[in-house]
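In the working numbering, the protein residues as written are 7 to 454.
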């Protein structure tokens with residue numbers, strides 16, 4: 007029987023589904039648990055009136071350069087400085103979202119060295135909200151005349167909770183189905199992504215041009231994110247709100263299917279490193295990877311690359327999660343830095359800025375008014391990612407709100423797909439672990 011973790015009264019379904027429900031998982035995240043939820047501040051004590059504040063003249067911006075974006079970030083912050091006179095120290099705060107989270111946690115503990123703007127993975131921002139480490143930006147949004155209605159709805163809503171905005175979208179993505187057009191053509195297959203995994207199973211024996219027809223993304227950071235696609239297609243999930251469901255029959259059936267694709271049926275393997283790189287090298291005929299990997303794959307592959315929506319399953323409904331990161335502002339810095347940080351957020355989120363960022367990386371333009379004509383003319387595959395936004399769904403609470411859940415999910419899936427361990431036992435163990443994380447690290451903070 008599944009243990010029911012009741013939603014605390016201050017968390018309505020509507021309010022939680024509107025906050026931080028897009029996942030990270032892109033860009034080869036490291037398998038580390040990250041910081042725990044710490045002691046939180048009281049947001050009611052924050053002074054959020056910036057009407058008489060002058061912005062700081064120099065700030066730090068912490069980023070991991072998602073999607074290989076370092077050069078375009080340098081150009082954007084240089085343009086920002088030219089316009090505003092505010093100097094920006096572009097800091098490589100980690101190679102992935104987890105490393106930024108660790109560094110941010112360390113700086114919080116020391117109460118020094120914090121940036122004015124920081125890249126926050128959609129998996130991490132919620133714990134910083136609970137801990138009081140970031141500020142709501144509504145008054146800054148109003149003062150700087152940032153038009154939230156022009157942001158793509160599902161992306162900006164990912165950072166809303168309790169009728170407040172806690173971050174703005176930045177490097178946003180969905181997983182895409184990547185396929186080698188040359189291999190598909192040699193196999194006599196249609197030039198498209200499969201509509202369902204059942205269809206791909208029928209195609210797989212014909213794909214003989216590579217070592218393996220399909221490569222699952224590397225488990226660290228990707229397992230919890232992309233395998234929602236398979237779980238949802240089976241009518242299952244990691245959780246149903248705060249009720250952990252990963253050991254229910256439908257979920258076990260889904261993970262058994264994953265195991266069989268590797269061992270019993272042999273048409274899939276698991277990437278040991280970034281699956282986008284593995285795919286671009288021609289090792290496999292198809293994989294799932296972030297839209298943030300798109301430009302890199304197109305540039306490095308020596309074959310024609312095709313992209314499409316994620317395959318569905320036996321149960322109708324959206325099977326694609328969003329992912330990526332937003333930009334937030336720390337609470338433990340002065341108001342001058344917070345205002346300057348918000349000005350940088352406004353600049354980085356302008357339609358022309360987000361188009362430049364997308365062109366360099368493959369991440370989705372986050373503004374509705376962004377002119378995509380030149381971008382899609384040069385990289386038409388980006389339009390597929392934008393179109394897929396219409397069929398995404400919020401990620402499972404169990405993945406996006408529980409600290410360290412990605413690591414635990416990756417370890418459970420590893421036992422299933424690398425050692426052919428018992429699926430039910432692995433999912434039972436994962437369920438117990440996720441419930442423990444909730445009870446120890448989340449529930450007490452929600453009840454304060």
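Ideal Cβ positions, reconstructed from N, Cα and C, are used throughout, including at glycine.
No experiment lies behind these values; they were computed from the predicted model shown.
Its Cα nearest to that of residue 161, the residue 392 stands out among 320, 392 and 233. The C-alpha of residue 236 lies about 39 Å from the C-alpha of residue 115.
Residue 269 sits exposed, since fewer than 16 C-beta atoms from the chains shown fall within 10 Å of its C-beta.
With respect to the C-alpha of residue 232, the residue from 437, 173 and 295 having the closest C-alpha is 295.
Counting only runs of at least 3 residues, the segment 199-247 fully encloses the following beta strand (DSSP E) elements, listed from N- to C-terminal order: 218-222. Between the alpha carbons of residue 364 and residue 371 lies a distance of about 6 Å. Within its own chain, the residues whose Cβ lies closer than 7 Å to the Cβ of residue 279, once the five positions on either side in sequence are excluded, are 224, listed in chain order.
When the Cα atoms are used, residue 119 and residue 248 turn out to be separated by approximately 35 Å. Annotation: the continuous alpha helix (DSSP H) that includes residue 436 extends over 429-443. Annotated three-state conformation of residue 419 is helix, per DSSP. DSSP, read as helix, strand or coil, puts residue 125 in strand. Pairing residue 138 with residue 287 gives a Cβ-Cβ distance that is not under 8 Å.
The C-beta of residue 359 has 16 or more other C-beta atoms within 10 Å across all chains shown, which makes the residue buried. Taking a cut-off of 8 Å for Cβ pairs, the segment 61-70 and the segment 122-132 touch, as three or more such pairs fall below it. With a cutoff of 8 Å on beta-carbon distance, residue 379 and residue 357 are scored as not near each other. The residue among 57, 107 and 101 with its C-alpha nearest the C-alpha of residue 147 is 57. Residue 59 carries a coil assignment under DSSP once its states are collapsed to helix, strand and coil. In this structure, residue 443 sits away from residue 418, with a CB-CB distance that is not shorter than 8 Å.
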